[in-house]
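Some notes on the structure that comes next.
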Amino acid sequence: MMTTAAPESDALAQDFVAFAVEAGVLRFGEFKTKAGRLSPYFFNAGLFDDGAKLGRLAQFYARRLLAEGIEFDMIFGPAYKGITLAAATAIELARLGHNLPYAYNRKEAKDHGEGGSLVGARLSGRVLIIDDVISAGTSVRESIAMIGAAGATPVAVAIALDRQERATLATPDGVRDADHSAVQFVQRELGLAVSAIATLGDLLQYLAGEADPALTHHLPRVRAYRDRYGV
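The sequence shown runs 1007 to 1237 under the numbering used here.
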């Protein structure tokens, strides 16, 4: 069981943003999002693609979880990115003295061997869902359903980056911006705590304090994007 620890300062978030930039995971330019917006930055957790980067990423997840004191009994990683994140974070937490079981799901259930769509420890107790970001909340809703069906209780979601931007809603007149973010939807409507290693606000703070002109010149565009789409 996770226990409460003293909060860490925002230095953790700043260290993470710097790491993501150095690793090429957080990039700047012009990127089209799933919602059709042109974003001046892009976060691709799939580029934490070697042992050293994945191990360090797991350290950030574990440190944030310990700092916020979220209590849970096991970890669940939704396919696909969540699988690696759950395993890596479980290893790091064990190294820090918090040995917890973890599980994940398959996209397609097996009809042989152990069968079913769940792999790893049996889902039980209070379950933490771990993923890279929350875009529309679909993965979280699916995870909640699987966890509940197994008789366990989802309690929180851990993500790497909270984009802090308005979600989109499909209406009879087309797609419109919501008055909440995907993270706020998970918190308010699904009733789960959300723990993010860093947020868009932390990214802006990093750019404002970064001495390298190659990065600071992105600040006005990222700030304008936040002003237009942020919550």
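Even for Gly, the Cβ is constructed at its ideal location relative to N, Cα and C.
A quick note: this is a predicted structure, and the numbers were derived from the prediction, not measured.
Nearest in C-alpha terms to R1147, of all of E1036, G1197 and A1064, is G1197. If you draw a 10 Å sphere on the C-beta of Y1067, you find 16 or more other C-beta atoms in it, and that means buried. Put simply, the region 1157 to 1165 does not touch the region 1208 to 1221. Fewer than three CB pairs are less than 8 angstroms apart. In terms of CA proximity to V1192, D1168 leads the group D1168, A1204 and G1215. In the three-state reduction of the DSSP assignment, K1059 falls in the helix class. For E1036, the enclosing beta strand (DSSP E) covers residues L1032 to K1038.
Bridge pairing for D1183: T1174 [DSSP].
G1207: member of the alpha helix (DSSP H) spanning L1206 to G1215, first to last residue.
Across the structure, F1082 and A1166 are spaced so that their CA atoms are roughly 15 angstroms apart. Residue burial annotation: E1098 is buried, with at least 16 other C-beta atoms found within 10 angstroms of its C-beta.
Residue environment: T1090 is assigned as buried (16 or more neighbouring CB atoms within 10 Å of its CB, all protein chains considered). Scanning its chain for C-beta atoms nearer than 6 angstroms, with the 5 sequence neighbours on each side dropped, one finds around G1143 the residues A1188, F1191 and V1192, in chain order. Spanning the alpha carbons of R1101 and A1094 requires a straight line of approximately 11 angstroms.
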